[in-house]
Each structure stands twice: as structure tokens, then as C-alpha cells.
Amino acid sequence: MISTSLCKQHHFGIKSTDRINQAVENPGQKSLRGTWNQIKTAAENVKSKKKETKDKEKFEKRIMEELLKMFNDSEFFYYSEDFDLTTSLQRQHSPDYQHDAALWQRADTRFFWNKHMLAELIDLDDPLAAHWILPVIQGYVQMETCLMDFEEDKTAADMSSSGEFSLPSGPKLDPLSYNISIVSRRSCHRAGTRSRMRGINSDGACANYVETEQIIEFSPHIVSFVQVRGSIPVFWSQSGFKYRPPPRLDRGEFTSVSSSSIQCLTAVSFA
């Protein structure tokens, strides 16, 4: 006949006093268990840091892809490496304009759309970084060279039929050329869709403010005409997306008048 006994280590019926005795009798095993727990905790921390780094890299990659998509797929962002597109010719010929400064330093911040993206380079205040700080505007730019051709065989009757300008018969004149440019600059302050962004803010920035400049160059002469437009310069809004939602004044009459004067004075002094 074989005699058996309960295993004190694995059997559920082991007494609690025996468990305590086992812990006291095996201090090395307890120390080993504590070391193993520390290793597991450290490994979990490393995994979490790796995960955070990986998530950050994914986030930065997504932002970069969105920026590239925004600038490459859109036809309304423009820049120039040697000409200030953010500033009209009149302001460029004013005494306060710094011609010797870097391009980004003399740019008009109202139309400097990527200034926030370049903030780290700007904060360096390093002349070597100026090459990489290139202002980008949102709007429209087109430049064309036009030709005025005076043909001596054209008469007044021909002008009415063809629609082209000509001089009476006489000595032949050489064709004259001139350059015409159109630059529209959209302000980066309070920009948005027309149904969502209305009126002005407390700083006098008008919603969807656009400055359009027409430049005609007929050497050695050059002329410029600036036209501005934007939302009605008062504190107002429209709720909903109905075809004709009623406008609503958000503040008092005095506040709207005083703030709109800021925008009007800005337009008059710069245009």
C-alpha cells in the first residue's frame, strides 16, 4: 500500500501558516521576484516611450503631408525670391520701407501666410536663416507682356471691324510693349468661408480682406492702382446656412463705428 501526502506548494488546501513559513524560508526567491518585477516595469516604460515617439512621428508626418497637399494642390499660393509680393508699390516707395532688410523682415504681416510655420527660424535671428524664410501669400498673381502694334495700312473703318487700335496712314511706327501685372493679396487675419466669417474683430481686422493691385509698366514709367475689399466693417454675424440668413449685429452701434474706423484708416493710409 502506497502512502501519499498533500503538496504544500501547489495544493489549494495549504494552510496560511505554511505559506508564511515558505516566504520566510525562501528569501532569495522573493528577492528574485522583486528584481523581475523591476525589469518588467522598466521594459514597459521603454515600450511606452517608443510608442509615444512613434505616435509623434506619425503625427508630424501627417502634418507634413497635409501641408504639402495644401500648397501643392492649391493654385492660390505664391512667393517670390527677390520681390516683396506682400507689399504694394506705394508702400515699397515710402520712406519707412526698409529696402536693405531681409525679404521676410519687410514683408507685410497681414499677408504673410506662412509666418507661424517659420517661427522657429525667425526666432533664431540669424542672417544665415534669412535664405530659408520666404513669405508666401494667398491670392492671385498674373503678369503679361502686351504689344501695341501700329500698322500703317489700317484705317478707321478697319478699327471698327477688327476692334484693334490703329493710327491714320503715315510713317510706320515700331511696336511698343508694356507689362501689366495683377496681384491680389488675401489677409491671413479672419480668413474663412463667407458664410462663417463676417464683420471685424476688436483689432479692426476685417473678414476676408483682400488687396488687389494693378501694375502697369511702360518703361521708364510705372503706375499702380490698389483696390481693397472685405466684409462689412461692423460687428455682425449670420447664423445657419440658409439662402438669405438675416444679419445680426453682435455689439452696440458705437463699438462698431469706432472699430470700423480703424480698418478704414488702415486702408486709406496704405492704399
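For the sequence shown, UniProt numbering begins at 1 and goes up steadily by one. Note that CB positions come from ideal geometry on N, CA and C, so glycine has one too.
Item, Value
"Measure the C-alpha to C-alpha separation of Arg-106 and Glu-60 and round it to an integer number of angstroms.", "30 Å"
"Contact criterion: CB-CB distance below 7 Å. Does His-221 meet it with respect to chain D?", "Protein chain content of the structure displayed is limited to a single chain, and chain D is not contained in it."
"Leaving out the 5 sequence neighbours to the left and right, which residues in its chain are closer than 7 Å to Ser-201 when beta-carbon positions are compared?", "Looking at the sequence shown, residue 201 is not Ser but Asn. Cβ within range, chain order: Arg-190."
"Tell me, which residues are paired with Arg-91 by DSSP?", "According to DSSP, which records beta bridges pairwise, Arg-91 is partnered with nothing at all."
"What does the alpha-carbon distance come out to for the pair Lys-69 and Trp-113?", "16 Å"
"Taking the alpha-carbon positions, what's the Ile-232 to Asp-100 distance?", "37 Å"
"How big is the Cα-Cα spacing for Trp-104 and Phe-150?", "43 Å"
"Quick check: the Cα distance between Arg-251 and Phe-111, rounded to an integer number of angstroms?", "28 Å"
"In three-state DSSP terms, what is Phe-225?", "strand"
"How would you write the range of the beta strand (DSSP E) that Leu-176 sits in, first residue to last?", "176-186"
"Write down the C-beta distance between Glu-217 and Asn-179 rounded to the nearest angstrom, noting that I regard them as a contact closer than 8 Å.", "4 Å"
"Taking the continuous beta strand (DSSP E) assigned at Leu-147, which residues delimit it?", "137-148"
"Quick check: what's the CA-CA separation for Val-268 versus Asp-55?", "Low confidence applies here, because Val-268 scores a pLDDT of 39, under 50, leaving its location unreliable and the question unanswered by this model."
"For the stretch 180-187 against the stretch 136-149, do three or more pairs of beta-carbon atoms, one drawn from each stretch, fall closer than 8 Å, so that the two count as touching?", "yes"
"Assuming Tyr-78 contacts Leu-89 (C-beta within less than 8 Å), just tell me the rounded distance between them.", "In fact, because the Cβ distance is near 16 Å, the residues do not count as touching under 8 Å."
"Could you give the distance in angstroms between the alpha-carbon of Met-148 and the alpha-carbon of Ile-215?", "17 Å"
"Mapping DSSP to helix, strand and coil, what is Ile-122?", "helix"
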